[in-house]
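Since the structure comes first, as structure tokens, the remarks are kept for the end.
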Amino acid sequence: MKIVKKTHAVRLAFLLSGFFAATLPLQAQPLPQDVRDRIGDLLTETARTTIRSGRITIDSVAADKKTLELYAGENCAYIPFREDNVRRIYDGIRELLPAGFKRKEIVLFSDGKRIEELIPAPLRSKADRSRKRFVTKSPEPLVTRANRPYRPTAGLDGRHIALWQSHGYYFEPKLNRWEWQRARIFEIVEDLYTQSYVLPYLVPMLENAGAYVLMPRERDVQTEEAIADNDPAIAGASRYEERNGTKPWTTGEEPGFAYKQSSYKDAENPFRDGTFRQAVTVGHPDDVSTARWTPDIPKGGRYAVYVSYKTLPNSTDDAVYTVRHKGGTTRFRVNQTMGGGTWIYLGHFDFDAGCSESGCVTLSNLSHKTGRIVTADAVKIGGGQGNIARIMPAEQRNPEIDYAYETSGYPRFTEGARYWLQWAGFPDSVYSATGHTNDYRDDYLCRGLWVNYLIGGTKNAPDREGLHIPVDLSLAFHSDAGTTMNDSIIGTLGIYYTHKDDGLYPNGASRDLSRDLTDLVQSQIVSDIQALYEPEWSRRGMWDKAYFEAHVPEVPAMLLELLSHQNFADMRYGLDPRFRFTVSRAIYKGILRFLAFQYKQDCVIQPLPVDHFRIAFAGRDSVELNWQPVADPLEPTAQAGRYVLYTRIGDGGFDNGVPVAENRIRLYQQPGKIYSYKVTALNRGGESFPSEILSACRVPDEKGTVLVINGFDRISAPYSFVCDSLAGFYDEIDHGVPDRQDISFIGSQYEFRRPAPYADDDAAGFGASRADYEKEVIAGNTFDYPALHGRSIVSAGYSFVSCSNESVIDDEVNLGDYRAVDLILGKQRETVLARGACPPEFRAFPPELQLALADYCNGGGNLLVSGAYVGSDLWESDTTGASKEFAANTLKFKLRTGRAAVRGSVRSVASPYKTLKGDYDYNHELNGDCYVVESPDAIEPAADGAFTVFRYAENNLSAGVAYKGAYKVCTLGFPFETVLTDERRDSLMRGILEFFEQP
């Protein structure tokens, strides 16, 4: 973080003007020092009920016959003031005053303002009608998803938010190398760490509420990239094609994008290297001209789609883009009166590899207003690799060394904003204020300058050059440094700035709005963390200081320092996906409450994801889906009113969703095809995150139906420990489970000695971590394993349906209806978050599940269980002996040891159950495709009829146990879904199901 330095003269002039304006004609009067001290004590005690604060003092006093003015130190303004604590402060001060002062009106100032003026406007019982609100009015947002099945009328519909996630990889000329801007510590580096909140959680929450989010860094973690353009590119087989109607495409007069070189130096701008196309809009479909971009996609996967165009004086505000992807087609309306000459994000979609019409983008000149201009330039698919090349400035070079321009060699999403902004066509006056001599400074300077360039030309910044995008606010998401040695929390800091341009924005709104935004967001974060995870979470206060990212944007702006990435106690929470979700939801809620007040609209919080999801056959060619809404204990408005059902067929992608009025639906399914479903909850505030993904398939001439239970819903931080002078994250025991994927993990911690000092970013001391994974995206829990299991079940000739574990626990599913049950446990295990201030979660076999499985088995069922902790979690979570009895009496195994193998191979051994055969490899290393199994269990037979059927190849410990008696059960100490290759999984599942069919 960097702070803008003001000259002594400016600072003095400001302080004097503020002082005299506030005090005249009052005169300084003596208030006994002991009274001042007691008032300071009162304020300090008040502050410490909500923030971590030093002592507050009364620095000066002024009074006349009617009024007593008290001027507290700046840190008094760090307090989150509310009407109730303001009232208590004034009542408390009055009690402390000598008799001669008690009848006076008391006014307490801090940071140049009355403390009652520091209460956020949305939290005041009476509105200040003289205070102008910050509103941006545009008839059409920059981007609208045309076939979205809902509109969040009490959310963020039509709002534009500028958001960024701290630093990024950059070129350091002094060392002639690319490097991070912060140290590698506790398995992260801040440059990547804050992305693990912003990209997977905060941005989708804001988008689900209806906002369009603008970012100065690459938002797609896909390392591949494809570009299609009307101008020839340097590589690839991407295509650009046109079809002309009554108003044909022509070449525009100004420059456009062209991809003519593999890297860009200094001020080179790809958006000035080519041309663009344009057509006059028409009103009838028969007259339409279309442009189509078909990118040559390097490999199948999920990609962000960006478009570019040119904004002209007569541009259309409803250019319709259609994206064809694996899930179908999705249409967008783009307001081309703003945002021209850069990459405009549409969304993320699944694509197959190659260049085909099933993966393309089209644009037409059909419009509700004829005679305007629609423009077409390039389309970008994916995030790609960094392509900005840097070199040591000439004046710093050693004449004996031949220097060369270097790109980072890292994925573009890891790089700082300075490099994305160059690739995205912004002027170098935005991304290189130092004239290409200091990338470190350019990176933090460019973010605020970028915001102002976005809003240039709008009603709130009519005299600025820019993109005419009506941004409502900006938020810079950072983590901070600082340590404690007693396992206490550093906590959360908010920074804003008001002392600029007479405290007003160009549109006349007060810059105190930035304090309102900061208070609302910070209060929400701290409150939610304290309620759900850590009652002792610290609030560090709110600073009214000229940090560049808070000082420069000409919109309400907040700089957030969430926690200390250098402090172990903070990071035990900070590495956990549940914590990241909660923090991100709190930020979204604070932003929503701020903007709802600005626009005088209702404020409704989007629901939480649904649970108790289950699928059952409802006939030969239909299924019934059921689920339950989840109440939010913190938000009474976050109630589900409707739902959206998303469908995937086979290996395709999910469609655009259909609205569903109730929490159940009956659907047709074509026999022989695997259908997968996910559900979101809706209300007037927007859309929840999706449920887990469940699947089903009816096989013609089926051998029976298998119920797949998804019992793997764990997401967690790596294993952590505290032991005397040692502490840290030890992921050899348990790497934890990322939520879908982890984009911030850089490598394992190697320095566990708490006294080890920080020397510099390359020698970070306690918490220092390796760098072998910092270019990788690490796979986690996809919540999509029923489909993978189901493919192998279908391959063996069986139909299948699936359900969540809570549906079984709450007795909503009758296991006895199914020929076999396949329980997915993955890396499910009872998990304690940080110091254990909240209850543990994710027990593999809760008592209710044990009872349901026992009843099923005793009824003659066939049960498959697989997971890395099938034994150890039963043993470690057992306080009564009941879980060990369940293992022995129902599953017919006993735990031999956890952490049984590291090489990832099992082999079958001789047993009476001859269909259970073959050698199998499972995933035992971190990668981008499947979660890692680092510590599988060794389990051994515990009853007559139970035999070891698989052993770990490296040590011959028992890896799987099968039992045949009154029922059959096969338990694997490694997760089935981690077995490598479809063919081997099919073989293993076929053998297990054949074992179940044996007499």
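Under our numbering, the first residue of the sequence shown carries the number 3, and numbering increases by one thereafter.
For every residue, glycine included, the Cβ atom is placed at its ideal position computed from N, Cα and C.
Out of Gly749, Gly920, Tyr760 and Pro757, which has the shortest C-alpha to C-alpha gap to phenylalanine 773? Strictly speaking, residue 773 in this sequence is alanine, with phenylalanine absent from that position. Looking at the Cα atoms, Gly749 is the closest of the given residues.
Counting only the same chain and skipping the five closest in sequence on each side, list residues whose C-beta sits under 7 Å from that of leucine 26. Residue confidence for leucine 26 is low, a pLDDT of 44 falling below 50, so the modelled location carries little weight; the figure read from the coordinates is stated next. Hits under 7 Å: none found.
Does the region 846-859 touch the region 880-897, meaning 3 or more C-beta pairs lie closer than 8 Å? yes
Can you tell which of Glu189, Arg987 and Val662 has the C-alpha that lies nearest to the C-alpha of glycine 769? Glu189
Buried or exposed: where does asparagine 454 fall if 16 or more other Cβ atoms within 10 Å of its Cβ makes it buried? buried
Using the Cα positions of cysteine 972 and valine 867, report the straight-line distance between them to the nearest angstrom. 6 Å
Report the CB separation of tyrosine 646 from glutamine 630 in whole angstroms; it is logged as a contact under 8 Å. A small correction: the amino acid at residue 646 is valine; tyrosine does not occupy that position in the sequence shown. That pair is no contact at about 16 Å.
Residue of Met487, Glu220 and Lys502 minimising C-alpha distance to glycine 386: Glu220
So, leucine 835 versus tyrosine 535, is the Cβ gap smaller than 8 Å? yes
Take proline 143 and list the residues in its own chain whose beta-carbon comes closer than 6 Å to its own, dropping the five residues that flank it on each side. Gly160 and Tyr214
Flag this pair as yes or no: are the beta carbons of lysine 675 and tyrosine 648 separated by less than 8 Å? no
On the CB-based measure, 16 or more other CB atoms within 10 Å of its CB, does leucine 177 come out buried or exposed? exposed
Do three or more CB pairs link the region 707-716 to the region 726-733 at distances below 8 Å? no
To the nearest angstrom, how far is it from the Cα of valine 205 to the Cα of glutamine 641? 21 Å
Determine the direct distance from the alpha carbon of glycine 303 to that of phenylalanine 949, and round the result to whole angstroms. 41 Å
State the DSSP-derived secondary structure class of tyrosine 2, mapped to helix, strand or coil. Beyond the ends of the chain as shown, which are 3 and 1001, falls residue 2; an answer cannot be given.
In whole angstroms, give me the CA-to-CA distance for glycine 621 and serine 801. 13 Å
Please determine, among Ile375, Ala766, Phe334 and Ser806, the residue with the shortest C-alpha to C-alpha distance to glutamine 568. Ala766
Since leucine 45 and alanine 74 should fall inside the 8 Å C-beta cutoff, what is the C-beta to C-beta distance between them, to a whole number of angstroms? 6 Å
Close Cβ partners of threonine 283 (< 6 Å) along its chain, the five nearest in sequence each way excluded: Thr318, Asn367, Ser369, Thr372, Arg374 and Val376
Over what stretch of residues does the beta strand (DSSP E) that includes serine 806 continue unbroken? 801-806
Measuring only the C-alpha atoms, how far is lysine 966 from asparagine 860? 12 Å
Find out if the Cβ-Cβ distance for the pair tyrosine 442, tyrosine 266 is shorter than 8 Å. no
Assuming glutamine 526 and glycine 592 make a contact with CB atoms under 8 Å, what is their CB distance in whole Å? 4 Å
What does DSSP give as the partner residues of isoleucine 375 in its beta bridges? Val282 and Ser317
Beta-carbon separation of leucine 495 and leucine 165 under 8 Å? no
Look up leucine 545 in the DSSP assignment and say whether it is helix, strand or coil. According to the sequence shown, residue 545 is tryptophan rather than leucine. If DSSP states are grouped into helix, strand and coil, tryptophan 545 belongs with the strands.
Between glutamine 263 and threonine 146, what straight-line distance do the alpha-carbon atoms span, to the nearest angstrom? 33 Å
Applying the 10 Å Cβ sphere with the 16-neighbour rule, what's the burial state of alanine 23? Since pLDDT at alanine 23 reaches only 41, below the 50 mark, its modelled position is unreliable, and the value read off the structure follows with that caveat. Exposed, by the Cβ-count rule.
Note down the Cα distance separating arginine 54 from glycine 484, rounded to an integer number of angstroms. 14 Å
Using alpha carbons as the reference points, say which of Pro234, Ser697, Asp482 and Asp66 lies closest to leucine 669. Ser697
Decide if serine 804 is buried, meaning its Cβ has at least 16 other Cβ atoms within 10 Å, or exposed. buried
In chain order, what residues of the same chain have a beta carbon less than 6 Å from the beta carbon of serine 62, not counting five sequence neighbours either side? Tyr73
Could you check what DSSP says for leucine 26 in three-state terms: helix, strand or coil? At leucine 26 the pLDDT is 44, less than 50, meaning the model places this residue with poor confidence; the figure from the coordinates comes in the next sentence. Three-state result, leucine 26: coil.
To the nearest angstrom, report how far apart proline 315 and glutamate 467 are at their CA atoms. 14 Å
Out of curiosity, what's the CA-to-CA distance linking glutamine 167 and glycine 427? 20 Å
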